[in-house]
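Contents: one structure, followed by commentary.
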Amino acid sequence: MDLPIRFEISRRIYNQDAFDKEYKHTPLSKNKKSSFFENFPRCNKDELKSTLFTWIPLFDWVPKYKLNNLLPDLMAGFTVAILSIPQAMAYASLANVPEVIGLYTSFFPCILYAIFGTSQHVSLGMFAVIALLVNSVQKRFLPNSNSTEFSSDMRLEDLPSVQLMVTLTFTVGLVMVVMAVLQLHILASYLCDPLIKGFTTASAIHIIVLQIPPMLQIGIGQHSGVFNLIYCVLSAIIFVVLLNVLKQFGELKSLWKTSKYDFTIWIFSFFVTILWDVSQGLVASIVFSLFTIIVRIQWADTKQIAKIGDTELYKDIESHPVYHYRPDVSIFHFNAPLLYVNSERFKEHALNIISDAQTSYFKPQFLILDASGITSCDKIGALTISELAEELSQNHVTLLIACPSEKQVQNFLEVKHI
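Take 2 as the starting number for the sequence shown in this note's numbering and just add one per residue.
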């Protein structure tokens, strides 16, 4: 029989000033500013070598390469190449550029990634959604262009579609280089998984619908010439590849159970891309995803907590009816950043807790704010706490703040009445 394990905590009671004084707290320096150049290497051999290996990993892994892996790697490379050839031609057709461009995009990115990439298991090439986005650019700037009509007497670089794609590729590459130097990869975190899956599923339906006419040989009489491509085969390749994307519909059930916000983002991204367009749908989906973040912050999780039984654990009193009740003390838990968008709601909930706790026999004397869930606090949030403390003091209620972060303590100390 397992015996219950108990533990006890015995220590002095501190306020923030006494705790900082006894344990020699050192305040955070406000004048410390990180310099952009601190991330650059110092002028010594080891630092330069480490930086070279970071930016060009080829110099790091080639000397360590094991020759006994050469044959399996060659077999894997040939296998991927055989698969990529028809797929790349199909995606080039989808992007409305000559099919030979698809072959180029399957070859050169792999060479560049072998030099600058870090993964040994990544196969690069064209992707259906990117091809569809390129097609939308073609329709916008070259509405009457049919770049798949390419004969041997034409120079590839003279095609308007190729010139447009070269400009687009250079611009996108330049933007990505700037983002890499400035370490802006954090922006990718705003592309949440439900957004991406809803967008790609809708894009897949767009692409499948576009491939039905050439796959069924409807209205394809305009292409001619020796060794004419069988576009129905290329369309069938795209069709089969994208069928797996449609399996993402099966994730909606689990999203509904786990997070209504994620479910809403998935549905919105899907329908706005279906009903509008791929480019505009992506932008609208990102904006909607950011809007849900604002809603989550504004409608934060607020609850009244209390000590449960004879433990030291504090839980929501609505979900734990067996709690230790003290009519003179109420504890308010706020689980979100305290910003200007939710400061009024924060104050309203705190006052409601005090109002509900008042009876004809007892009146609360203390409101404890559990700040452990407040990850950040701006000036408006600190002023709101100050206003709350002043308003409570008029009703003979003292506001106490528990578990604030060091940054929050500094913000609170700059505001009077706290």
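Glycine included, every Cβ here is placed at the ideal spot set by N, Cα and C.
These figures come from a predicted structure and were not determined experimentally.
Residue interval of the alpha helix (DSSP H) (run including residue i)
i: Lys308; result: Segment Asp302 to Lys308 is the beta strand (DSSP E) holding Lys308; no alpha helix (DSSP H) there.
i: Thr399; result: From DSSP, Thr399 is part of no alpha helix (DSSP H) but of the beta strand (DSSP E) over Thr399 to Ala403.
i: Asp61; result: Leu59 to Trp62
i: Phe79; result: Leu71 to Leu95
i: Gln281; result: Val279 to Gln299
i: Asn136; result: Ala129 to Phe142
i: Ile112; result: Glu100 to Phe117
i: Val273; result: Lys261 to Leu276
i: His433; result: Within the shown structure, residues of the chain are numbered from 2 to 419, placing residue 433 beyond reach of any answer.
i: Leu414; result: Glu407 to Leu414
i: His350; result: Ser344 to Ala358
i: Leu53; result: Lys46 to Trp56
Same chain, Cβ closer than 6 angstroms to residue i, five either side skipped, listed in chain order
i: Thr399; result: Phe367
i: Phe269; result: Phe289
i: Gly282; result: Val273 and Thr274
i: Cys378; result: Leu339, Gln409 and Asn412
i: Thr303; result: Phe335 and His350
i: Gln17; result: none
i: Leu196; result: Ile266, Ser270, Ser286 and Ser290
i: Glu319; result: none
Delimiting residues of the beta strand (DSSP E) encompassing residue i
i: Ser331; result: Val330 to Asn336
i: Phe20; result: No beta strand (DSSP E) contains Phe20, which is instead part of the alpha helix (DSSP H) from Gln17 to Glu23.
i: Asp159; result: Looking at the DSSP string, Asp159 is not in any beta strand (DSSP E), and its letter there is neither H nor E.
Cβ neighbours of residue i in the same chain (closer than 8 angstroms, five flanking residues each side left out)
i: Leu165; result: Val138, Gln139, Phe142 and Leu143
i: Cys193; result: Asp263, Ile266 and Ser290
i: Pro365; result: Pro328, Asp329, Val330, Ser331, Ile355, Ala358, Gln359 and Val398
i: Asp371; result: Ile306, Tyr315, Ile332, Phe333, His334, Phe335, Ala403 and Cys404
i: Val323; result: Ile309 and Gly310
i: His26; result: Phe20
i: Leu401; result: Phe367, Leu368, Ile369 and Leu370
i: Tyr15; result: Glu23
Beta bridge counterpart(s) of residue i as assigned by DSSP
i: Asn378; result: It is Cys, not Asn, that sits at residue 378 in the sequence shown. Answer is Leu339, bridged to Cys378.
i: Lys316; result: Ala307
i: Leu368; result: Ser331 and Leu400
i: His325; result: Lys308
Close-in-space but distant-in-sequence residues of the same chain around residue i (CB under 7 angstroms, 5 per side omitted)
i: Phe37; result: Confidence at Phe37 is low in this model, with a pLDDT of 47, below 50, so the placement of that residue is unreliable and no value is reported for it.
i: Lys198; result: Gln249, Glu252 and Trp267
i: Ala351; result: Phe333, Leu368 and Leu389
i: Gly78; result: none
i: Val98; result: Ser148, Ser162, Val163 and Met166
i: Arg12; result: none
i: Gly103; result: Ala89, Met90, Tyr92, Ala93 and Met127
Rounded distance between the beta-carbons of residue j and residue i, thought under 8 angstroms
i: Gly337; j: Gly382; result: One point to set straight first is that residue 337 is Ala, not Gly, in the sequence displayed. In fact, because the Cβ distance is near 10 angstroms, the residues do not count as touching under 8 angstroms.
i: Arg346; j: Gln299; result: 7 angstroms
i: Leu125; j: Pro110; result: 4 angstroms
i: Thr106; j: Met90; result: No, Thr106 and Met90 are not in contact; Cβ-Cβ is about 10 angstroms, not under 8 angstroms.
i: Leu134; j: Ile208; result: That belief does not hold up - the Cβ atoms of Leu134 and Ile208 are roughly 11 angstroms apart, past 8 angstroms.
i: Ser286; j: Phe363; result: In fact, because the Cβ distance is near 52 angstroms, the residues do not count as touching under 8 angstroms.
i: Leu157; j: Val101; result: 7 angstroms
i: Leu384; j: Val416; result: 6 angstroms
i: Ala205; j: Leu247; result: 6 angstroms
Within-8 angstroms CB hit, residue i to chain B
i: Met177; result: Included in the structure is just one protein chain, with no chain B present.
Specify whether the stretch 303 to 310 and the stretch 272 to 292 touch according to this definition: at least 3 beta carbon pairs, one from each stretch, less than 8 angstroms apart.
no
Please confirm if the stretch 47 to 60 is in contact with the stretch 104 to 118, defined as three or more CB-CB distances below 8 angstroms between the two stretches.
yes
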